[in-house]
Structure formats: C-alpha cells, structure tokens
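As structure tokens, then:
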C-alpha cells in the first residue's frame, strides 16, 4: 500500500552524500543549495502523496508497517528497518519535510557567502534524514537511531561557527544534556523490552505490537518507572525542566538551524515520542501528572525569562521552551491530539518568527558591517523602526506574533486554547487542574507580552541603530522572503483544520478534522479513559466559552502592557527595573539556573574526575612520564630511581586487589 | 586432606623461625665494636681496590642466557633417550621436529652475531 | 619391546597454529639471510601467511576437531576468536611498516614476533587443558614483552617493555598458582574433567582450595584483559609501546584473554557460577568506571585510548557476567568490531604522528578535519563506534552486551554500563571537537598515507560500518560459536 515511503528518508540521505562528499568540489552555491532543497522537496512530494492516500482510507485501515529488511535478529529479539505509516507519522512527515523544505530554501539566501556552505547543507540534509528516521521508525531501536542522529546533527550545526568558543561550548552543552536524556530513553527501552518479554513472553520493541498488547500493562508500577525513563529522554531532547538550559545556548548556531532544529522539528521529538507511546503513558497516572506539572511549570518559567532578554534570538528560544511546555502539558492531561496540533501550528509560526528574526539579523549584520561598527546585530536595543525598512519581514513577523499570542482567528489561538481547556477540564488530575490551567493562562499572557515587546522594540519606534548604518538596512532577497510568506500564511490559516468543537458547531458543524484524523493512533487511550469510572470530564459550554474569553483577555492585557511600556511611554521599563533591581537581575540572568547546575552537577563531576586523575594518575603515573618529557638530563635518574618504585606500586595494587577479593570469599 | 600437608607447614614455620631467630639473636647478643677495617668490604683478605659496584659487560648475560636456554632444552633429551625404543618412529620424528626448532633458533643467534664476543 | 601407545594426535586441531609457527620460523631465518633493504618482503610474507591461515580457519568452521588427547579443541568458539586474532594481526602489520620506517627501527623480527604472539593467542582460544592455555598465554606474553619494548633506543618503549614484563610475570604467578590449586582440588587439568569432578564430589561452595584457585585464575586473566584493579600497567605500556604494537596489544591479547577466561570459567567451573558471577560483576563495574573517568582527563591520545580500552574490557565483562547466549555472542561480536575500530583509530594516530611522536596530544588534532577531510571522517567513524553511537558496529555490540545482561536479570549492571558509555562520549567527542571545530595549528604536510595503511583503513571502515548497518550475518556466526 505504502511501498514507496522508503523514498522519503532516502532523498535527504542522497543529498547528504552528494553535498558531503562532493560539495567541496562543486563549489557553486546555487548547485549545492539547490540539491539540498530539491531533495527535501522530493521527500515532501512523496510525503504529500502518502498523506492523500492515507486520507482516502477508512479510519481503521490507517496503520501500516512497511518492512524493508531485517536489521538485527538474535533469538527472541528482532529489529527491522521498517517504517510505521499512520496518521501521526503522516502529520510529522508533513511538518518535517514541508517546513524543512522552506528552511532549506531560506538557507540558500541566508548562508550565502559563508565558509563551508556545502558543509551546512550536508548537515542539514543529514538532519532531515535522521529526523525522518525518528518519525517513521516502527520500532524503538530505529527511533533511537534517529534520536541519536538528530542529536549529532544538532551538535554539529550549533557548533557550525566553530571558531567561536561559545559556539563550541554550546554544542557540547547540548550534546551532554541530550546524552542524559538519551540515557533515560535507553533505560526505558530496556525496561519495557525486558518487562514484556520476561512477564508476558512478548519480546518486541515494535510500536504496533506494543500497542496491540496495551491491555497487558499494569496501571502504575513498572509502567510508571519506564514511562518516567522515557519522559527523561523527552525532557532532554525537548528542553524541559530540568534539562532545558542547552536550548537558549544553542542559538549560537546559524538562524535557519534554530528555526528548523531548535523550534520546528527536533525539539518536538519528545512530544512525538510521548504521543507515539500514549498507550503506555495513559496507564501511568503518576507519570502523566509529572508530565503535566513539568510542562506547565516550564511554560510559565521560560516565559518569565523571555520577558527580560534583549537578544532577539534568545527571546525566541525561551519562547520555544515555553511553547514546548504547552505541548507537554497537553500530553500530561491526556490531550494527545491537541498536543500534536500545537506542535504543528507552533512549527509554522515559530519557524516564521525565527526566519524573520534571521532576516533582521542578516540585514543588521550587513548594515553594521558597512559602517565597521562592532555593535551586536542581535541586540534589540540596537534595533527599532525597522518597519519601514523591511516591510515584508515586518508583516510576516507580525502575523506570526499574533498567532503565537493567541488572538482569535489565528493558528496559535486554536491549538493553545484547546490545550488550556483540556488542562482545565481533563479527568486525570482533579484539583490540580486549576493550577495547571492557571500556569498556562499566565504564561499565555507573558507570551503575548514578550512577543509584542520584541515586535515593538524591533520594528516600531525610533531607529536606534548607529546612524551611519541606517541607509544600509534593506529588505532581504526573495529567496528569504518567500519562505516567510508561506509560513506566515500557514500561521494564519493552519488552525482551521483543528477548530475546537464549540467554535466548529457555532460555524455550522465544522468538525475537528485534525483530531478525527489522529483518532486511530490515540484510540486505545481514549477507550481506556472512557472505561475508567471516575473519568467524567465536566463539560459545560458556558465554562468553555468563559475560559476562552479569559485567555483572550489575558493575551490582550499582555499586548497592552507591552504597548504601554515600549511604545506609549518608553521610559517606564527603566523605572521599573530601577524599582525592582533584584527581580530584574534574577530574571535577566535566567533565574541563575545555569550557575546552579554548575554548582550542583558540573563542578562536583569535574572535581571527582580531577581527583581520580590527580590522585591516581598524575602522582603515580604521570610524574614519571612528565619527567621524561621535561628534562632530558633527569631521564635516566628518574627512571633508575623511580621505575622500580612505581612498578612496586602497580604490583602492590594488584596484590591488594587479590587480598581484598580473597578476604571477601573467606569472610562472607 | 589438608592434614597431609602439615609436615610441610611445620617445616616452613620452623625454617622461618630459625632464620629470623638467628638474625635477631645475633643482633642482641653479639658485641658491636665497629672499626674502619671491620667495615670494609671483604675481598679475600686483600686490601679492596676500587668500588665493589663493578658493572659487568652485558655480553656475559647474553651468553649466560643462551647457555641456559639450550641447556634446559637439552634436558628434554634425557627422558627421550631412555624411552627411545619404546617411543619408536614417532618419538624419533617428534624429537626431530624439536631439534629442528632449536636449530632455527641456533642459526638465528649465530647469524645475528650473538655468539661473537666483539 | 612393546611401544608406548601414542595418544590421539589430530593435527587438524592445530592446523592454523602450525602454519603460523612454521611461517614465523621461516621468516626468522629469512630475516638473517637477506640484506636489510629487502626486508619489506617480510611484511608481505607474513600477510600471506595470515591470509592462508585465515582460509584454514574458515575451512574448519562447523567441524569441531579435538586433538592431543583432549588438550586442544578447535570448535566454532575457538575459530571465531582465531578470526579476530588474525584480523588484528593483519591490520597491525599493515600499519607497522610505515611507522617502523619512520622511527628507524625497522627490524625484521617484528613480523615473526607478531605471528608467534598470534599463535599463542590461538592456543589460548582452543586450549581445553589448563596447561595448554598456560602455554599459549606464555607464548603470547613473551612475544608481547619484546614487542612493547621493540624500539630499543626509545626510553619510553623500554619502560613499557620492562613494566609489562615485570607485572606480567607477577600476574602469571597468580594465574599459575590458581591453576595449581584447582589441580590440587580436583586432580586434573582438563577443564571438562574438572567440571565433572567438581560436580561428582559436590565441591562447589564447600571447597576453599577450589574457590581460591578460581579467584586467582580470575585475577590472572583479569590482568590480561586489563580489568581494574589489575589494569595499572595498561596506560604506561600502551603509551610507551610502538603505536602499531599498542593497537595490536589492545585488541588481540584482550580477545585471547577473554576466550580463555570464558572457556575455563564456563566449562570448568559452571557449578561455581554464583561465586564468580559476583566477582565479575564487581570487576566489570570497577573496570568500566575507572577506565572512563580517568580517560576523561587524558591529554595524550594514546593514553586516552588505553583508558578507553580498559573501559571496553568492562563492557565485555558485562556480557560475560550475563553468561547467556546473547551476552556471549555479544562478547565475540564486540571483540571483532573492537578490533576494527580500535586498530583503525591507531592507524590514524600513526599517520598523524611525527618521528619520536612529539604530537600525540589531543590538541595536536586541531583542524585536522580541514586539512585531511577523508582521514578525519575515518577517525570520526572509529570514534563514533568506540562511543557506541549508531550506525557503527560498536553500538550493536554494546546493545547486545547490555541486552544480554538485562535478559539475565542484571538490570543494574546494564544501567551502570549505559551510564558509563554515555560518559565516554565526552572524551571521544573531544577529539572530534579538535578535528572539526578548532583552527588548524599545523599544516599536517608531513602526513603521507602508504598503500598498506590505506588498505588497513578501508578494511577497518568497512569492518565498522557493515556490521553496524547489517549486523545479522555476523551475529548469526557469533551465535553459532557460543559455547553453551
């Protein structure tokens, strides 16, 4: 049925191989960029065909495993190179290839003239390939391969400007934090495999097989443990508390990378993974609660930090962390379809915002470069009044901002409101629901505030850039603007495929197409929740309308405050920070979380390593080696005098080992 | 079963005690009147000439090592020669292989010049 | 006069050993008779010998041969390991020529010594008698002592050889004492006979002599595989020894140690399993952790790989502790892929090095990725595999080792293993950071790739990637070779 889906990951892989192997020889930027973008476009075409075929099928026939060949087989264990094609992976395929294609096109313009142009496109293609593997893999192991692959590409692309130390460090930080998460993923995988095998004799890691036996999982217990492991993996990849600090640092990478990897696709992998394993999570109420709380807390926490940042990309980075928090909140309250819906709309408007900010930075960079100014092209305090200089960028940026702020009629409104309503009305968390909703609603207000603060500081008001540079600010070329227009269009209309029920009914019975489409994937969870006795969600039309009104009002208040502070009376923010210096410092410094982590984890680890190294090695072993290296004269003396002593030491450690072991056996 | 080894243990204990006892006792009982002559290294009654820490030529070690190697291997010939007839043709062939391997080593050291003094 | 009945001798059981030792002796003689400028032939001849031996190994697959009155047994288990030894010997020889010429110590004895060491390893893998195993171990060890100190005019190399010799002799003492105690307790050195004696007289758990014998043998083997706390010799010896020999030492002898370790413990002492599994559990955890944590701070890349090889011994021990089919097949799969990835990495180190190796620090790889992209990609593949990142063979191997442990119920061991391998990524990646993310300091213009090293790199890359992407075939072989 879906025999040709293997083409989807194949195209970017070909692109990677061509650009990676011959890119240096090709040299011509248009050819390199063209190949990169074309390959992703081909994938997009095949993915679209897959989607149309999927829609034409009846609901219960929409889950397909397409096996290419057996990958690993040993005894009871089997993993195939096989793809799972169902509505959920279709949605993800469309997002990855569609948004991915636009960002590839954008990169042709944005990366123009950069050193290592081919390297960039090779990595970008490799990333797309890995992400597609992650999304399409029909078993946990193949998913893990993609999971590692995107992590690697993210690392390579964050460190793309490798001559900057901060970029290298940021890459390393991202990698290490992701490894912590990967560790959780692997533990979850092992535990699940081992549990199902030893307990029920079902040795499998294939999603459809695991879902088929969903009845067998006990509620809580081992399922709680393993879902928590998986969730740890998700927090690493999707930058949630406590593993989120790498994402803002990851903004060291080129802007298209931030848009593709750190906003639209890779960071949503954690959400996708929970969606994929929803049949497990639904059986672990404690985990669901943890997911919901972490999601809500992250949404609120990151939003507060976003209000005080001056770097345009860092604001967007914290905004991404915050929006990812919403998605996890949705997952945690069992609104899987709503979470995936927000994932999609967020991909549209956040990619648009990042690309727009990239266009601004690009223009700023060139203008400052002309005037030989060393001002930071990403600092919003140097911007202002760009509205007239870059009209198309401004327009698209504004539309995306309205979408993320949750103004009715735009994509972000539909998805965010669905999540907030489900947070309030879900049957899982009882009295906690109100707190979850409250966090989400306040975060929504903060989002509206900092996003409009960004717009006002960047595009409105006086132009604060170095006067010499003013005339060099100009709109970006078409290759950059075109993706912005498409994404802005999607940010406006993308929400209408998943309208909340009550609005749909008001408009004459338009169903929630999106939820319907995804229904087969979340069928088990839905049934399971319905079968639970206490699972009676309170449905009240009045309440739902009321809450919707409240969130709109909150958003409008956020926008108004931003307007007052940054347009009407621009002197107020300074007074405000003067009045509460400690608070401002804490928020500006991201609540000192990085410093806390350094203190709690990084430094003790370093100290332990240092101790083992210095105490164990430098003193005992390296002394001798350094001596040899340092002074030619000292060599013979050092060797003659120290050699036997050190071998003694080694022998002593062996002898001690033997004594300890024998003593253990004698006295146990 | 371990009881069978008791005499050996006794032997070890007694010999250690005897050795240590002799040392300890002599250091307690013996009179100590050191003089220059007494502290000199003993060299068969003559006046010592130069340092006692002479370095030997490495060639001694090489020759000694080669001697021991071939010596030990020659030991294998004794049991073989006693049982030579009983072992028959097979024994002869095996010893031929053994000698051939030795011969390879011998030719090697010879050609390497390990047997020449200078 | 009646003749003594000859024991059943089956030369087919020691065919690979025979071929290798005959070739080694022939090379020794050729070496002293040909003038020194023609010594390149020795390398080719030894490679031909290895290839021929490899074919006899393949030919023997599936038909177990017992010989010498049951003191050697060439079964699939032994043959798989012999394959690993031959691969590591061949790859090491391929990188030796250029290195030895550069360091001006191109002595022809190198090749016979490597072949004899390989021969010793093979005896260890197929020995079914403690004496045979000990004989193989000594043949291996003595050759290695010489190989470690092969650069006679380099102090570091001398230091390596001497240290290895002293500590090796020390550990041999433990091993031999352990064997003696086992012999004392059971009255035999045939490992199958030991097992049946222990079972018939139900000595397990009650007999102290047997238990201590087991412990001492474990210590002796642990030294060979460089398991903590018997690993102290490794960094010094690996750093000082000539780089190609370090590559050889870190793979072949380790695999041989595991082969003998597994065979003796699984066949001779299955009744003591509960006892030795505990011991190996602790050793595995200690080895992984000490190896990885110490490697984190190493500047010298050879030293770093030395500590990493300690850690890898720990991972393999995890599969040993598991003791089931998956874990044991994992040991074999892992050792084979380790041969490719580790020797491959050392080949790059040989290439980057200058005479006297003043530039073996990780910083010296700054910008290597821009000057020699193809070599840097090879290095990256090896490092990825060592770190256990898919799709390299190292990932599949680790996956098998750990899933074996999980199937056997050693969840915590697997968790510690996974944690360790996560930590190890840091120091492997550091090399890549320097290769790709730092500006070149050097021009690397001295770097020349000889055809032999190019061949070695191609084989190693293929050996890492092919089993990594389609591991099925190799795994099937490993599973057929499992000793259960």
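Chains as they are written, first to last, in this note's numbering: chain A, 84 to 751; chain B, 1105 to 1222; chain C, 127 to 610.
We treat Cβ as the ideally placed atom computed from N, Cα and C, and that holds for glycine.
None of the values given here were measured: they were computed from a predicted structure.
The beta carbon of residue 604 (chain C) lies closer than 7 Å to those of 206, 455, 458 and 459 in the same chain, with the five residues before and after it left out.
Beta-bridge analysis with DSSP links residue 167 (chain A) to A:148. When DSSP reads this structure, residue 162 (chain A) sits in a beta bridge with A:155.
The DSSP-derived three-state label of residue 458 (chain A) is coil. The Cβ-Cβ distance between residue 493 (chain A) and residue 632 (chain A) does not fall below 9 Å.
Here residue 366 (chain A) is buried, its C-beta having at least 16 other C-beta atoms within 10 Å. The beta-carbon of residue 343 (chain C) is placed no less than 9 Å from the nearest beta-carbon of chain A. At a cut-off of 9 Å between beta carbons, residue 566 (chain C) makes no contact with chain A.
Contact of residue 401 (chain C) with chain A is assigned, a C-beta pair being separated by under 9 Å. The DSSP-derived three-state label of residue 464 (chain A) is helix. Less than 9 Å divides the Cβ of residue 149 (chain A) from the Cβ of residue 165 (chain A).
Taking a cut-off of 8 Å on C-beta distances, the stretch 434-454 of chain C touches the stretch 342-358 of chain C, as three or more cross pairs fall below it. Going by C-alpha positions, residue 591 (chain A) is about 57 Å away from residue 110 (chain A).
At a cut-off of 9 Å, the C-beta of residue 287 (chain A) has no neighbouring C-beta in chain C.
In this model, residue 260 (chain A) and residue 525 (chain C) are separated by some 21 Å (Cα to Cα). Interface residue (Cβ-Cβ distance to chain A less than 9 Å): residue 537 (chain C) is classified as such. Membership of residue 199 (chain C) in the beta strand (DSSP E) is indicated by the continuous run 198-200.
In this structure, DSSP gives residue 102 (chain A) a helical state, which the three-state scheme calls helix.
Under a criterion of Cβ atoms nearer than 9 Å, no residue of chain A is adjacent to residue 198 (chain C); the nearest Cβ is some 29 Å distant. Judged by DSSP in its simplified three-state form, residue 327 (chain C) adopts coil rather than helix or strand.
Here residue 361 (chain A) carries a helix assignment [DSSP, helix/strand/coil]. Annotated three-state conformation of residue 588 (chain A) is helix, per DSSP. Between residue 481 (chain C) and chain A, the shortest Cβ-Cβ separation is not below 9 Å. Look at the stretch 1159-1177 of chain B: it has no residue with a C-beta under 7 Å from a C-beta of chain C.
Below 8 Å, enough C-beta pairs join the stretch 332-339 of chain A and the stretch 232-247 of chain A to call them touching: three or more.
For residue 226 (chain C), the closest Cβ of chain A is not nearer than 9 Å.
Annotation for residue 111 (chain A): no alpha helix (DSSP H) segment contains it, and DSSP assigns it neither H nor E. Residue range 191-193 is occupied by the beta strand (DSSP E) that includes residue 192 (chain C). Spatial neighbours of residue 1218 (chain B) in its own chain (CB-CB distance under 8 Å, excluding positions within 5 residues in sequence) are listed in chain order as 1166 and 1170.
At a cut-off of 9 Å between C-beta atoms, residue 580 (chain C) does not count as an interface residue with respect to chain A. For residue 250 (chain C), the closest alpha carbon among the candidates C:232, C:319 and C:201 is that of C:201.
Only 595, 596, 597 and 598 from the stretch 581-600 of chain C bring a Cβ to less than 9 Å from some Cβ of chain A. A residue is called buried when at least 16 other Cβ atoms come within 10 angstroms of its Cβ; residue 1126 (chain B) does not meet this threshold and is exposed. Excluding sequence positions up to five before and after residue 257 (chain C), its CB lies within less than 6 Å of the CB of 315, all in the same chain and listed in chain order. By the Cβ criterion, the stretch 208-225 of chain A is in contact with the stretch 163-180 of chain A, since at least three pairs of Cβ atoms, one from each stretch, lie closer than 8 Å. Distance from the CA of residue 156 (chain A) to the CA of residue 514 (chain C), rounded to the nearest whole angstrom, comes to 19 Å.
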